[in-house]
Amino acid sequence: MRTNDALQTAARAKHDEFYTQISDIERELHQYRSYFSGKKILCPCDELYTSSFVKHFAENFDAYNLAKLTVTCYSSVTPSCSVKTPEDFAVRRLHGNGDFRSPECIDLLKDSDIIVTNPPFSLFREFITLLMQYGKQFIIMCSINALTCRDIFPLFMQNRIWLGHSIHGGDVKFTVPDDYPLSALVCGLDEDGRKFIRVKGIRWLTNLDHGCRNRDIILSRSYDPELYPRYDNYHAIEVSRTKDIPRDYYGVMGVPITFLDKHNPEQFEILGITEKNSPFRKKNAPKTDRAYLNGKRLYARILIRRRRKSRKKAE
Ligand SMILES: C[S@@+](CC[C@H](N)C(=O)[O-])C[C@H]1O[C@@H](n2cnc3c(N)ncnc32)[C@H](O)[C@@H]1O
């Protein structure tokens, strides 16, 4: 590996080392308790003694009536697989390094029902692709920015994945190793002297229904062409805040990614995202990567359209 590649790999690996707080895990997971009964849970990116996901499932093993909890730890030194059942608990060394993409970890994935973890963000696309490939149910953490990529966004459009219920903005606190680089991120020390960072744009992602979906967004604004300009390069109007979606507009609208926090698939259809292959891109438009408004490049926009059938209900 060239020095530059090695440095990038090391930096990326370091960036992946942050640990989810038990309070965030509890807030989200309790909503899914009815799914856990009799199920085999896999935490595939978790260290047995330090992961709060493991702590949460070990503590609630009986309350959730779990059939099995499997935990694999990625490590070049001590890769391990721990398995708890109602009768037994065993830890063994893995043959490889515990990479979730390795054949032995894929076998464990195939044998599990629900995958629950905060995976390495640098490998998020590969991680979710694997879960979808094997048709697994999951509750995982992610960065909202990762959701707009080509492999993941269509899953939202097809209503096969959606956001969890407990995190919809602000920043999330993660503990990090003591040698984590302080620069560029909001860091601090918690009351126990552990270093933490605050990360914006974190969400839970799942394909389990958590009971908070399918609530209509309350719409109070009316469409006015002066207030909702059309993009230079897309056949759509700009709606810069989800709460400002006009209640009486049934054409294509561009909304921020955070629309996903509120999305009710019975109320809106997700048509795509602003990208160069979008069917809503204007022919011969010079700029195609993002939506432009009077020459100004905007953040990524999701293209949506109101469903007619929810018209009466939402107004
Ligand atoms: C964001 S951290 C989260 C750790 C833990 N799941 C938690 O939430 O506290 C992601 C973890 O994935 C591990 N990891 C990195 N690459 C991996 C891989 N290829 N396979 C499995 N785990 C990996 C990292 O070592 C890191 O501990």
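Mapping of the sequence shown onto the working numbering: residues 949 to 1263, in sequence order.
Cβ coordinates follow ideal geometry from the N, Cα and C atoms, glycine included.
The model shown is predicted, which means the values in this text are computed figures rather than measured ones.
Option in K1244, F1104 and H1116 with minimal Cα separation from T1190: H1116
Measuring straight from C-alpha to C-alpha, what distance separates G1136 and Y980? 32 Å
Cβ of C1021 less than 8 Å from any chain B Cβ? Of the protein chains in the structure, only one exists, and it is not chain B.
Bridge-paired residues (DSSP) for F1037: K1032
Within its chain, find whatever has a CB closer than 7 Å to the CB of D964; leave out the 5 residues flanking it on each side and keep chain order. P1068, F1069 and S1070
Does DSSP put P1194 in a helix, in a strand, or in coil? strand
State yes or no: is the C-beta of E1174 nearer than 7 Å to some heavy atom of ligand 1? no
For S1258, three-class secondary structure by DSSP: Reliability of the predicted coordinates at S1258 is poor, the pLDDT of 48 falling under 50, and the value obtained from them is presented with this limitation in mind. In this structure, S1258 counts as helix in the three-state DSSP scheme.
Using 8 Å as the Cβ pair cut-off and three pairs as the minimum, do the region 1103-1113 and the region 985-1001 touch? Taking one beta carbon from each stretch, the region 1103-1113 and the region 985-1001 have fewer than 3 pairs nearer than 8 Å; the two do not touch.
Buried or exposed: where does K1210 fall if 16 or more other Cβ atoms within 10 Å of its Cβ makes it buried? Buried is the call here.
What residues in its chain sit with their C-beta under 6 Å from that of P1213, if we drop five residues either side in the sequence? N1107
Return helix, strand or coil for S1023, following the three-state DSSP convention. coil
Taking a contact to mean a Cβ-Cβ separation below 8 Å, would you say T1096 touches I1221 in this structure? yes
Here's the rule I'm using: 16 or more other beta-carbon atoms within 10 Å means buried, otherwise exposed. How should I1166 be labelled? exposed
Please confirm whether any heavy atom of ligand 1 lies closer than 7 Å to the CB of G1046. yes
Can you tell me whether DSSP reads E974 as helix, strand or coil? helix
Please determine whether the Cβ atom of P1129 lies at a distance below 7 Å from any heavy atom of ligand 1. no
Exposed or buried, which one is C1090 when buried takes at least 16 other CB atoms within 10 Å? Burial call: buried.
Rounded distance between the beta-carbons of Y967 and T1123, thought under 8 Å: 5 Å
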